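Numbering (our numbering), first residue to last: 27 to 294.
By construction, the Cβ of each residue, glycine as well, lies at the ideal position given by its N, Cα and C atoms.
Just so it is clear, the structure is predicted and the values come from calculations on it, not from any experiment.
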Amino acid sequence: MSSLSKLFGVASLAVLIASCGGGGGGGGGSSGGGTTPPIANAAVGGIWSGRDPISGANVLGVVSEDGRAQFAIFDGGYPTQYWGTLSTNGNSVTSSNFQVADDLTYFGTATISGTISARQSLNLTISFTPAAGCAASVCGTARTASGTLTFSTLYNRGGSLSRVAGNWRDVGTGQIYNINASGVVFLQDAVTGCFVNGQVSTINTNFNAYSATYTFTNCRIPYTALNNTTATGLVTVDDVVTPNRIFLGAQYRASGVTYTVYGEATKT
Numbered sequence: 027m028s029s030l031s032k033l034f035g036v037a038s039l040a041v042l043i044a045s046c047g048g049g050g051g052g053g054g055g056s057s058g059g060g061t062t063p064p065i066a067n068a069a070v071g072g073i074w075s076g077r078d079p080i081s082g083a084n085v086l087g088v089v090s091e092d093g094r095a096q097f098a099i100f101d102g103g104y105p106t107q108y109w110g111t112l113s114t115n116g117n118s119v120t121s122s123n124f125q126v127a128d129d130l131t132y133f134g135t136a137t138i139s140g141t142i143s144a145r146q147s148l149n150l151t152i153s154f155t156p157a158a159g160c161a162a163s164v165c166g167t168a169r170t171a172s173g174t175l176t177f178s179t180l181y182n183r184g185g186s187l188s189r190v191a192g193n194w195r196d197v198g199t200g201q202i203y204n205i206n207a208s209g210v211v212f213l214q215d216a217v218t219g220c221f222v223n224g225q226v227s228t229i230n231t232n233f234n235a236y237s238a239t240y241t242f243t244n245c246r247i248p249y250t251a252l253n254n255t256t257a258t259g260l261v262t263v264d265d266v267v268t269p270n271r272i273f274l275g276a277q278y279r280a281s282g283v284t285y286t287v288y289g290e291a292t293k294t
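Here's what the structure looks like:
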């Protein structure tokens with residue numbers, strides 16, 4: 027499975043996306059007759075950055091408006107990913123189906139809880155449970171830690187396929203992949219022989235988070251286990267810097283085991 031690090035690069039962020047405060051929510055009040063209206067559920071979407079409370083490493087998170095979430099932890103080597111779904115009840119945040127893995131190893135599961143100031147900050151407690159049978163030297167032990175992530179206003183720049191379209195050079199491998207005007211992705215990897223065909227799609231055009239799928243075919247020995255697997259994940263674009271940068275994270279299953287893809291590329 028190490029072919030994925032060749033396909034998309036072992037990308038380590040030298041500088042995380044600049045994080046800024048977002049807009050605040052509206053005020054409350056009483057309706058006629060003294061009845062207090064219900065508190066609206068806070069929007070969970072955003073590009074989030076800070077420190078992983080467990081490892082202390084830099085983290086870049088993308089959460090779409092529908093709650094799909096992935097967090098890349100830059101803890102040395104290939105980034106570790108947490109992914110699942112986040113939901114809110116008022117300003118409280120809870121998680122569903124969170125898993126933890128990198129390109130080679132499935133580490134286990136996690137639960138996330140905490141509070142959110144929409145478009146400003148996420149105050150989270152993460153509880154990690156290692157996969158059954160995984161040695162502590164590989165997966166570590168069960169642990170819980172708390173920390174805060176900060177919202178980046180890049181999320182408010184909107185989502186349009188014109189922003190992701192173009193040729194992108196992977197910062198780890200130098201290989202170039204293309205995303206056309208309809209969001210179709212294509213890469214042929216010179217090392218593995220794999221053809222990567224994918225699709226990037228908008229989720230909510232008001233926000234800078236996209237869904238993506240990537241299917242691997244024609245991979246040569248010893249990478250044939252990748253053939254006909256499909257990775258799914260999220261994409262975001264930094265179109266403030268020059269050249270523009272694109273960040274992708276995705277997950278796939280091969281032989282019943284979950285692995286991840288992470289990449290960072292600059293526009294050519």
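Review point. Taking only runs of the beta strand (DSSP E) that begin and end inside the region 125 to 157, which ones reach a length of at least 3 residues, in chain order?
Key: 132 to 143 and 147 to 156
**Study point:** Buried/exposed call for A162, threshold 16 Cβ in 10 Å
**Key:** Position 136 of the sequence shown holds residue 162. A162 is exposed by the Cβ-count criterion.
Practice item. Taking S163 as part of the alpha helix (DSSP H), name the residues at either end of that continuous run. Key: Taking the sequence shown and counting its residues from 1, one reaches residue 163 at position 137. First-last of the alpha helix (DSSP H) with S163: A162 to C165.
Review point. Do you know whose CA, among N204, V217 and G166, lies nearest S81's CA?
Key: Translated into the one-based positions of the sequence shown, residue 81 becomes position 55. That would be G166, whose Cα lies nearest to the Cα of S81.
Practice item. Would you identify the three-state DSSP class for Y288, choosing helix, strand or coil? Key: The residue given as residue 288 occupies position 262 in the sequence shown. If DSSP states are grouped into helix, strand and coil, Y288 belongs with the strands.
Review point. Do the region 187 to 196 and the region 165 to 179 make contact, defined as three or more Cβ pairs closer than 8 Å?
Key: no
**Study point:** W109 beta carbon less than 8 Å from that of Q277
**Key:** Indexing the sequence shown from 1 puts residue 277 at position 251. Indexing the sequence shown from 1 puts residue 109 at position 83. Contact: yes.
Practice item. With a 10 Å radius around its C-beta and 16 neighbouring C-beta atoms as the bar for buried, classify P90 as buried or exposed. Key: Working through the sequence shown from its first residue, we reach residue 90 at position 64. The sequence as given places Ser at residue 90; Pro does not occur at that position. Its Cβ being crowded by 16 or more others within 10 Å, S90 is buried.
Point to revise | First through last residue of the alpha helix (DSSP H) which encompasses L187 | key: Position 161 of the sequence shown, counted from the start, is the residue given in the question as residue 187. Note, L187: alpha helix (DSSP H), L187 to V190.
Check your understanding: Along the chain, where does the beta strand (DSSP E) that runs through F242 open and close?
Key -> As a working mapping, residue 242 is identified with position 216 in the sequence shown. Where F242 is concerned, the enclosing beta strand (DSSP E) stretches over Y236 to T243.
Exercise for review: Would you identify the three-state DSSP class for R246, choosing helix, strand or coil?
Suggested key: Here residue 246 is taken as the residue at index 220 of the sequence shown, counted from 1. Of the three classes helix, strand and coil, the one that applies to R246 here is coil, per DSSP.
Practice item. Indicate whether the contact test is met: 3 or more Cβ pairs, each with one atom in the region 257 to 273 and one in the region 282 to 290, closer than 8 Å. Key: yes
**Study point:** Distance between A235 and V70 (C-alpha atoms, nearest Å)
**Key:** On the sequence shown, residue 70 is found 44 positions in, with the first residue counted as 1. On the sequence shown, residue 235 is found 209 positions in, with the first residue counted as 1. Their Cα atoms are separated by approximately 12 Å.
Point to revise | Straight-line Cα distance separating N244 from A171 | key: By 1-based counting over the sequence shown, the position of residue 171 is 145. By 1-based counting over the sequence shown, the position of residue 244 is 218. Going from the Cα of A171 to the Cα of N244 covers about 43 Å.
Review point. Per DSSP, what kind of secondary structure is Y181 in: helix, strand or coil?
Key: Against the sequence shown, residue 181 aligns to sequence position 155. Helix at Y181.
Review point. Considering only C-alpha positions, which residue in the set T106, F221 and L150 is nearest to Y249?
Key: Here residue 249 is taken as the residue at index 223 of the sequence shown, counted from 1. Per the Cα distances, F221.
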